[in-house]
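Below: the structure, in C-alpha cells.
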Amino acid sequence: MKVLIVEDDLHMQRSLQRALHRRGMDVELCGDGHVGLERWKASPPDVVVLDLTLPGMDGLVVLHHAKSSGLTTPVMIVTARGTVGDRILGLNSGADDYLAKPFDLDEFEARLRALHRRRTAPGLDSDASHAIGDLRLDRQSGAVYWRNQILELAPRESALLQTLLIRAGKTVPRSRVFAQVFPTSPEVHNDALEVVVYRLRKKLVGTGVRLVTLRGLGYLLKAGE
Numbered sequence: 012m013k014v015l016i017v018e019d020d021l022h023m024q025r026s027l028q029r030a031l032h033r034r035g036m037d038v039e040l041c042g043d044g045h046v047g048l049e050r051w052k053a054s055p056p057d058v059v060v061l062d063l064t065l066p067g068m069d070g071l072v073v074l075h076h077a078k079s080s081g082l083t084t085p086v087m088i089v090t091a092r093g094t095v096g097d098r099i100l101g102l103n104s105g106a107d108d109y110l111a112k113p114f115d116l117d118e119f120e121a122r123l124r125a126l127h128r129r130r131t132a133p134g135l136d137s138d139a140s141h142a143i144g145d146l147r148l149d150r151q152s153g154a155v156y157w158r159n160q161i162l163e164l165a166p167r168e169s170a171l172l173q174t175l176l177i178r179a180g181k182t183v184p185r186s187r188v189f190a191q192v193f194p195t196s197p198e199v200h201n202d203a204l205e206v207v208v209y210r211l212r213k214k215l216v217g218t219g220v221r222l223v224t225l226r227g228l229g230y231l232l233k234a235g236e
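In this note's numbering, each number is its position in the sequence shown, counted from 1, plus 11.
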C-alpha cells in the first residue's frame, strides 16, 4: 500500500512516516501543495493524506485540481481545521474522509486501510450512491446524507452505517460488520460492536430508517420507524 502524505509540519511528517512504515506501508512525503499535486499526477498512490494549510497551494485547491484532472485516488484530509463547516467543505470538495488533528495513530491507520479496501474490494456495487428511505451514502465522498444534510457520525458509526447502506435492505453477517468497524483491532471484544450499534441506532431515530439486529445472523437497515 503506497501512501502520499502532503503535510508541511516536519514533526508530523516524521511521526506518520515512522508509524506507517512499521505497519508495512510505503510512504512518500511532501511539504508543498503544488509539488504534492505534481507527484500525485506523476505516480498516483493508493491513498493521499492531505493537509489543508500548505505552502505553494492550499489543500482544497490541490484537491480541486486533482479531481478536475481525473485523479481517482482516495483522499483523507488531516487538518487542525476541525469545525463541522470545514469537514463538510472538505467532503464536498471530493475528499473521502476527514480527520481533525490531533488524532490517534491506530484510528488513522484503520481509516487509511478502509479507504484502500473500499477502492479495491472485489464484488462491491460500483454505483456512486446507495440509499434507503431518506438516507443516502455518497460512495465518492464517504458521507452519509439524511434529506441532503450530512449526518454527524463518529468514525466507527460511519463505518457501520456505510457497510449496511451498501447492502441496504439485506442482512449483513456480523463477522463482516465487525471486520469493517474494527479492521485492525482483532483483540477487541465482540461486545464492543454492540456499543457502536447502540450509538448508531440512537442517531437514526427520526430518520425513518431502523437498524435491526437479527440474532445469530447479523444486521440490516429497514425503512420505517
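The beta carbon of each residue, even a glycine, is placed where N, CA and C say it ideally should be.
Check, Outcome
"contact_flag[the region 79-87, the region 21-41] where n(CB pairs < 8 Å) is 3 or more", "no"
"Helix, strand or coil at residue 146 [DSSP, three-state]", "strand"
"Beta-bridge pairing of residue 2 - partner residues as DSSP gives them", "Absent from the structure is residue 2, since the part of the chain shown begins at 12 and ends at 236."
"Reference residue 15, options 34, 142 and 50, closest by Cα", "50"
"The region 51-69 / the region 122-129 touching (three or more Cβ pairs under 8 Å)", "yes"
"For residue 13: DSSP bridge partner residues", "37"
"Close Cβ partners of residue 116 (< 7 Å) along its chain, the five nearest in sequence each way excluded", "30"
"Contact belief for residue 86 with residue 62 at Cβ below 8 Å, rounded distance in angstroms", "Actually they are not in contact, since the Cβ atoms of residue 86 and residue 62 sit about 11 Å apart, beyond 8 Å."
"Residue nearest to residue 172 in terms of C-alpha spacing, selected from 68, 77, 159 and 153", "153"
"Integer-rounded CB distance, given that residue 41 should sit under 8 Å from residue 47", "4 Å"
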